[in-house]
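Visitor: Numbering (my numbering), first residue to last: 379 to 579.
Just so you know, even glycine gets a beta-carbon here, dropped at the ideal spot from N, CA and C.
Keep in mind it's a predicted model, so treat the numbers as computed, not measured.
Dumping the structure here so I can ask a few things about it.
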DNA sequence: AAGAGGATGAACT
DNA sequence: GTTCATCCTCTTG
């Protein structure tokens, strides 16, 4: 089942980041379908979260889609190279988002390898937000897509996979400038026994 | 108009 | 562990 709008509209973005583990990310781009199981996420909760692009309701053309209704895609380029895929949550004008940091290849692994220019399947194919984005074919042009629409080339599904609480590991977020009080907050979540996650901090 | 630097990854040593 | 690729966006003047 496609994750419904109500899943994204909830207030607690941290809980949504946890709930997204074990869900499936499907893309159908250029007629090619790939599927990955989400195994690592990070929550960003502006306006109070200093690590968010939308801290203190900061609003620019780049992060405009963070203010869209929950269930919208927010993709942006990091370090000039990496296309990072986020899921916007909460109601319009509340800029909450969950960064998808890693997925496990499920369907069409050959295409993922091709996109990553690799020949053997290993964890780094889809571990890390930049790598996962490339493997799934996601680019900045996909920012603003409605993930709940049947016409969207990107959507998420619940396939009735249930994770126990002890299978989920929380840790601090990465890539943030140090000496920020938000740096140590454990809003990064991963599936315990998956080898397809990026390195802990 | 110019410059700094970023929610990273890969290829080095 | 360290470096660097690569470029767009935002800030400052």
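At the level of alpha carbons, what is the spacing between residue 382 and residue 532?
Guide: Taking the straight line joining both Cα atoms gives about 14 Å.
Visitor: Starting from residue 414, trace the beta strand (DSSP E) both ways and give me its first and last residue.
Guide: Where residue 414 is concerned, the enclosing beta strand (DSSP E) stretches over 410-423.
Visitor: Are the beta-carbon atoms belonging to residue 521 and residue 443 less than 8 Å from one another?
Guide: Cβ distance < 8 Å, so residue 521 and residue 443 count as in contact.
Visitor: Three or more C-beta pairs closer than 8 Å, one from the region 495-503 and one from the region 458-476: is that the case here?
Guide: Taking 8 Å as the limit for Cβ pairs, the verdict is that the region 458-476 does not touch the region 495-503.
Visitor: Would residue 445 pass as a contact of residue 464 if the rule is Cβ separation under 8 Å?
Guide: No. Outside cutoff.
Visitor: Relative to the C-alpha of residue 566, which residue among 523, 419 and 402 is closest?
Guide: The shortest Cα separation from residue 566 among 523, 419 and 402 belongs to 419.
Visitor: Please tell me whether residue 506 and residue 548 are closer than 8 Å, where the distance is taken between their beta carbons.
Guide: Going by C-beta atoms, residue 506 is not nearer than 8 Å to residue 548.
Visitor: Could you spell out where the beta strand (DSSP E) holding residue 485 opens and where it closes?
Guide: Where residue 485 is concerned, the enclosing beta strand (DSSP E) stretches over 474-485.
Visitor: So, at 7 Å on beta carbons, what are the nonlocal neighbours of residue 417 in its own chain, with the 5 sequence-adjacent residues on each side left out?
Guide: So the qualifying residues of the chain are 399, 480, 481, 482, 568, 569, 572, 574 and 575.
Visitor: Across which residues does DSSP place residue 464 in a beta bridge pair?
Guide: Residue 464 pairs with 452 and 477.
Visitor: CB-CB under 8 Å to residue 440, same chain, minus the five flanking residues each way: which ones, in chain order?
Guide: Closer than 8 Å at the Cβ level, and outside the excluded window around residue 440, lie 431 and 454.
Visitor: Which residue wins for smallest C-alpha separation from residue 510, given the options 396, 415, 408 and 536?
Guide: Here the closest residue by C-alpha is 415.
Visitor: Are residue 523 and residue 469 closer than 8 Å when you measure CB to CB?
Guide: Contact: no.
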